[in-house]
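Chains as they are written, first to last, in UniProt numbering: chain A, 1 to 851; chain B, 1 to 139.
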Amino acid sequence: MSVPDYMQCAEDHQTVLVVVQPVGIVPEDQFFKIYKRIASVSQVNIRDSQRLLYIRYRHHYLPENNEWGDFQTHRKVVGLICITTCNSAKDWPQTAERFHGQKEVYSSTLYDSRLLVFGLQGEIAEQQRTDVAFYPGFEECSDVERRVEDFVESIFIVLESKRLDRATDKSGDKIQLLCVPFEKKDFVGLDTDSRHYKKRCQGRMRKHVGDLCLQAGMLQDALVHYHMAVELLRGVNDFLWLGAALEGLCSASVIFHYPGGTAGKMAARKPSISQPADAGKRHRPGALTANGISADTSTEIGRAKNCLSPEDIIEKYKEAISYYGKYKNAGVIELEACVKAVRVLAIQKRAREASEFLQNAVYINLGQLSEEEKIQRYSILSELYELIGFHRKSAFFKRVAAMQCVAPTISEPGWRACYKLLLETLPGYSLSLDPKDFSKGTHRGWAAVQMRLLHELVYASRRMGNPGLSVRHLSFLLQTMLDFLSDQEKKEVTQSLENYTSKCPGGMEVITLSDGLKLPPVPFTKLPMVRSVKLLNLPTSLRPHKVKSLLGQSVSTASPFIYSPIIMHNRGEERCKKIDFQWVQGDVCEVQLMVYNPMPYELRVENMGLLTSGVEFESLPAALSLPAESGLYPVTLVGVPRTAGNITVNGYHTSVFGVSSDCLLEGLPSVKTSGCLVEVIPSLPRLQLSTSLPRSAHTPQHMSKEELSTSVSVQLFNGERQQLTITLENIGTEDIESLELTSKTVNIKDKVFGKFLSWDIEEAVHQLPLKPGQTVTLTISIKVKLDFSGQENLLQDLNDDGISVTGLPITSPLRQVLKPRAETKAVSSESGKAEYSHVKVGRNNTACTPR
Amino acid sequence: MAVCIAVIAKENYPLYIRSVPSQNELKFHYTVHTSLDVVEEKVSAVGKSLADQRELYLGLLYPTEDYKVYGYVTNSKVKFVIVVDSSNTSLRDNEIRSMFRKLHNSFTDVMCNPFYNPGDPIQSKAFNGIVSGMMVQTG
């Protein structure tokens with residue numbers, strides 16, 4: 001017996017085994033359709049007696065396993081159904097020959113057999129034979145199930161006769177010794193007349209009878225026989241068979257106590273069980289009746305005496321397994337017994353003892369196993385651990401099975417199977433493939449183990465030939481385990497990531513695997529880490545200002561109340577509160593991000609742009625290179641809104657190491673933002689100023705460079721007049737509709753006589769509306785007339801420029817030496833200076849005056 | 001003398017794990033991780049019984065070929081796991097218990113440190129010292 005049947009459970013001891021095989025050439029799908037139909041007959045109620053027979057079906061069974069049929073009767077093949085196709089009468093004799101040949105294989109144990117012939121018509125088909133059934137085709141065989149039931153009943157008749165034959169105690173006659181295959185040579189030449197030997201024979205026969213009773217549906221009798229067998233065999237120290245008798249006792253008790261079956265969820269998968277739903281609960285009404293006597297309290301007493309209690313079941317299983325352990329050839333039996341015991345323990349919810357059994361099962365040596373068998377064994381172990389709730393252990397064994405799939409000794413490693421198994425181990429290690437699970441709170445699970453697992457996933461997916469998957473897994477590793485990777489590992493991971501993405505760039509789509517599993521996208525929110533997002537106002541010279549409405553400033557459009565004592569307070573700080581400046585459609589708008597680079601080496605970020613919604617936004621991507629472990633580094637992302645409305649900055653997108661990621665600000669709880677909703681107003685015209693006088697070299701102190709678009713400085717003598725031509729060019733795309741010119745005099749201590757600046761704007765206004773590209777010129781005349789009347793004051797004023805070295809009035813030339821001022825002319829005391837003031841030009845605000 | 005000592009937080013992630021450096025560290029990670037199953041099983045089972053005083057020492061969790069794994073759980077569900085060599089048969093139950101007691105005391109000291117945030121990995125030198133004293137001395 002070489003291959004253990006991991007799916008066996010204790011209640012299989014009461015089934016009879018029927019093998020269904022194809023003979024000759026039969027199309028596979030047709031065969032399996034018929035097989036399913038045959039296998040649906042798993043319980044047969046025997047006529048004339050209220051006993052129930054259970055049948056197990058196999059389409060493939062090794063003849064070596066048959067030889068253990070004497071040891072445990074449910075292992076031997078008692079029925080054979082052959083399926084064959086035969087299209088013409090000439091082929092019939094050949095087919096019949098093949099059928100007989102097939103029967104020979106199992107002839108030692110076969111009770112009965114049947115042949116189902118499909119496709120033959122004619123006079124041979126008209127023959128009414130009990131052992132052959134003719135059907136014209138695979139579709140027209142409605143009574144297959146009935147035939148199978150008849151077949152089963154005929155098996156039952158044979159079974160009953162055998163049972164009665166063996167059961168009657170012929171103590172006078174010679175009872176033949178039942179053996180298992182590896183024992184046969186041990187008993188050659190033994191004295192067959194000794195009492196020891198006779199007792200051995202009796203014990204074994206009793207046990208065999210018990211098996212037959214169990215199969216025939218007589219639970220009570222089976223229990224009695226088993227008990228007797230145990231007594232007899234204990235006396236002769238026949239350990240192997242003693243173990244078998246104990247196991248039989250346990251099976252019968254299990255059938256009694258757990259009529260729902262111990263197969264649990266597995267029952268749904270076995271083809272012999274026809275009820276897939278209801279969590280595999282099998283309804284076994286016959287378990288409580290025996291010999292046609294219905295269950296009533298009068299037989300309770302008998303039952304209680306013979307049947308084992310649930311704790312005892314496990315004790316006896318332990319004993320049986322320990323006896324099996326003495327025989328190394330009985331490894332398969334031992335393993336199967338362990339598995340059955342574990343299933344019973346799982347139902348009893350005694351997980352710890354089940355785990356001890358499983359621990360032992362790992363060490364049972366079955367000799368040389370093929371790789372396929374090893375994989376199967378580890379998978380089964382993993383499933384059993386899952387059954388008892390030991391998820392981590394189950395994941396461990398699944399991983400071992402996955403590794404076994406691609407062991408170096410296998411010629412064609414099954415990478416796909418390995419990958420699939422590895423994916424299944426993830427929940428056991430608290431790993432999910434969704435990065436959102438890892439963004440909050442402390443890290444779940446054991447980082448070292450998880451990293452190992454992720455590396456293996458990457459390797460398996462690469463060998464599987466799916467680089468997209470490798471990229472996804474590797475980016476997941478980098479994103480979630482960044483804190484746990486050492487510097488060296490970070491370098492290695494990023495290098496391999498770049499390697500993979502050169503073949504297959506990573507993206508933000510959901511990868512769906514062939515079995516339906518979806519891998520969510522992994523955005524790199526930590527590379528680089530964004531600390532704050534700030535929307536910047538437009539440069540001062542380009543800021544829009546609301547044109548004063550006709551009613552003056554006192555009327556605000558916000559509320560109808562002119563005055564109200566109630567002051568509205570803002571309720572807390574919303575994340576996306578509206579910002580009080582505006583952006584203009586068509587103008588370049590900026591958002592500043594403060595980022596830093598957590599990696600120990602330089603990080604290249606390419607294609608960094610904004611993700612916005614609400615308004616069509618043309619984002620101009622930036623590329624930057626952040627130094628290793630830099631502090632906060634400001635990055636300005638720019639873009640141009642193309643339509644008007646309210647724009648929300650939702651996030652940003654980057655391309656790092658070849659993987660593009662879209663990071664939304666909601667997903668980043670640590671990012672500080674001062675609001676991301678901004679109103680975009682429709683386009684405004686833009687104006688460029690140029691003057692006829694040369695630009696000044698320095699800017700006046702109290703104004704920043706941004707507020708100023710041009711500054712001009714000119715030096716005049718007192719009383720001198722100067723003309724300044726300002727050219728206004730419309731460089732935007734909108735028309736300019738109104739023009740306002742105001743002047744503000746600053747930084748002057750003296751009185752100026754007369755109008756300092758004068759201009760005539762009428763001519764310019766006539767040329768409005770100014771189309772894009774057009775220019776209009778303004779002439780401004782500057783007239784300086786300072787009041788130099790107070791001499792002493794003048795000197796004082798001339799002195800009074802903030803610096804006075806000795807505190808005594810000093811003459812101008814000396815002052816010049818101390819602090820040269822470009823505008824001041826040294827010699828003449830009548831010189832003055834004039835500074836050009838800031839010219840304000842009104843912009844057209846379409847909000848107030850619709851065009 | 002232990003081969004590997006681990007302290008596991010309530011949420012089942014490791015606060016401290018240290019093993020004899022000559023061995024493959026990852027193997028010990030796996031062993032301790034799977035032993036958590038058994039610990040949880042025992043803890044839930046103990047809760048079901050009506051004992052007033054819960055036994056903190058869990059005993060032998062499971063034996064493998066080379067190692068024996070012992071467990072101990074505190075009232076705040078912090079678990080200690082000690083892995084010893086199977087060949088070291090001279091270690092008796094009492095000795096294991098005393099090792100756990102020392103660990104528990106040392107752990108309480110770490111917790112008392114006002115600068116230690118519960119849930120952070122343990123980096124205390126005193127704790128390291130106690131653990132080194134309990135580990136197998138390698139060459």
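All C-beta atoms, glycine included, are put in the ideal place defined by N, C-alpha and C. Source: prediction; values computed, not measured.
- Item | Residue-level contact to chain A via CB, B:Asp109, 9 Å cutoff | It does not: the Cβ of B:Asp109 has no partner Cβ on chain A nearer than 9 Å.
- Task: Please compile the residues from chain A whose C-beta is within a distance smaller than 8 Å of the C-beta of B:Lys42.
- Result: Arg352
- Message: Measuring alpha carbon to alpha carbon, tell me which residue in A:Asp238, A:Leu214 and A:Ala216 is nearest A:Arg200.
- Response: Of the candidates A:Asp238, A:Leu214 and A:Ala216, the one whose C-alpha sits nearest the C-alpha of A:Arg200 is A:Asp238.
- Using three-state DSSP, classify B:Asn94 as helix, strand or coil. helix
- Given A:Glu590 as reference, the closest of A:Glu629, A:Glu606 and A:Leu542 once Cα atoms are compared: A:Leu542
- Cβ of B:Leu56 less than 9 Å from any chain A Cβ? No, its Cβ sits nowhere closer than 9 Å to a Cβ of chain A.
- Quick one: is B:Val81 near chain A, going by C-beta distance under 9 Å? no
- Task: Would you please verify whether the beta carbon of B:Asp93 is less than 9 Å from any beta carbon of chain A?
- Result: Nearest CB-CB separation between B:Asp93 and chain A: not below the 9 Å threshold.
- Item | CB contact check: A:Ala448 to chain B, cutoff 9 Å | yes
- Message: Can you tell me whether A:Cys418 is buried or exposed? The criterion is at least 16 other CB atoms within 10 Å of its CB, across all chains shown.
- Response: That one is buried.
- Task: Name the one or two DSSP bridge partners that A:Met594 has.
- Result: A:Ser532 and A:Pro634
- Going straight from the alpha carbon of A:Leu513 to that of A:Ala623, what length do you get? Inter-residue distance for A:Leu513 and A:Ala623 is about 33 Å (C-alpha atoms, whole angstroms).
- Query: Thinking C-alpha only, which one of A:Pro4, A:Asp112, A:Glu67 and A:Phe118 is nearest A:Ala89?
  - Reply: A:Phe118
- is_contact[B:Val73, chain A] using C-beta, thresh 9 Å: no
- Whose CA, out of A:His473, A:Pro413, A:Met481 and A:Ala401, lies closest to the CA of A:Ser439? A:Met481
- Enumerate in chain order the residues of its own chain whose CB-to-CB distance from A:Pro621 is below 7 Å, with the five nearest sequence positions on each side excluded. Asn607, Met608 and Gly609
- Query: For A:Ile38, which residues from the same chain have a beta carbon less than 7 Å from its beta carbon, with the 5 sequence-adjacent residues on both sides left out?
  - Reply: Taking C-beta separations shorter than 7 Å and ignoring five residues to either side along the sequence, the partners of A:Ile38 in its chain run Val20, Tyr57, Ile81, Val144 and Val148, following chain order.
- Item | Buried versus exposed, by CB contacts within 10 Å (16 or more), A:Gln127 | exposed
- Task: Please state whether DSSP places B:Leu15 in a helix, a strand or coil.
- Result: strand
- Taking all protein chains shown into account, decide if A:His473 is buried (16 or more other Cβ within 10 angstroms of its Cβ) or exposed. Buried: at least 16 other Cβ atoms inside 10 Å.
- In chain B, which residues lie less than 8 Å from A:Phe396 when you measure between Cβ atoms? Tyr30, His33 and Thr34
- May I ask whether a heavy atom of the ligand HEM can be found less than 8 Å away from the beta carbon of A:Glu616? In the structure on display, the ligand HEM does not appear, and there are no ligands present to speak of.
- Item | Test: A:Phe390 CB closer than 9 Å to a CB of chain B | yes
- Nearest to A:Cys338 (by Cα), restricted to the options A:Pro93, A:Ile314, A:Tyr327 and A:Lys349: A:Ile314
- Message: What residue range does the beta strand (DSSP E) around A:Ser670 cover?
- Response: Where A:Ser670 is concerned, there is no enclosing beta strand (DSSP E), given that its DSSP letter is neither H nor E.
- Task: Name the residue from A:Gly235, A:Arg114 and A:Met228 whose alpha carbon lies nearest to the alpha carbon of A:Ala167.
- Result: A:Met228
- Item | Best match in A:Arg377, A:Phe31 and A:Leu384 for proximity to A:Met343 [C-alpha to C-alpha] | Residue 343 of chain A is actually Arg in this sequence, not Met. Measuring from the Cα of A:Arg343, the nearest candidate turns out to be A:Leu384.
- Query: Which residues bound the beta strand (DSSP E) around B:Asp85?
  - Reply: Lys79 to Asp85
- Message: Please report the straight-line C-alpha distance between A:Asp186 and A:Cys179, rounded to a whole angstrom.
- Response: 10 Å
- Item | Three or more C-beta pairs below 8 Å linking the region 511-525 of chain A and the region 462-477 of chain A | Because the criterion of three Cβ pairs below 8 Å is met, the region 511-525 of chain A and the region 462-477 of chain A touch.
- Query: Any contact of the region 313-330 of chain A with the region 233-248 of chain A, i.e. 3+ C-beta pairs under 8 Å?
  - Reply: Short answer: they touch.
- Kindly list the residues whose CB is nearer than 6 Å to the CB of A:Glu679, restricted to its own chain and excluding five residues on each side of it in sequence; keep chain order. Gln582 and Asn646
- Tell me, please, which residues DSSP counts as bridged to B:Tyr72. B:Tyr57 and B:Phe80
- Do A:Asp112 and A:Ile155 have their CB atoms nearer than 9 Å? Yes, the Cβ-Cβ distance between A:Asp112 and A:Ile155 is below 9 Å.
- Give the DSSP bridge partners of A:Ala395, in chain order. None, per the DSSP bridge assignment.
- Message: One question on the structure: do A:Cys307 and A:Phe256 come within less than 9 Å of each other, judged by their Cβ atoms?
- Response: yes
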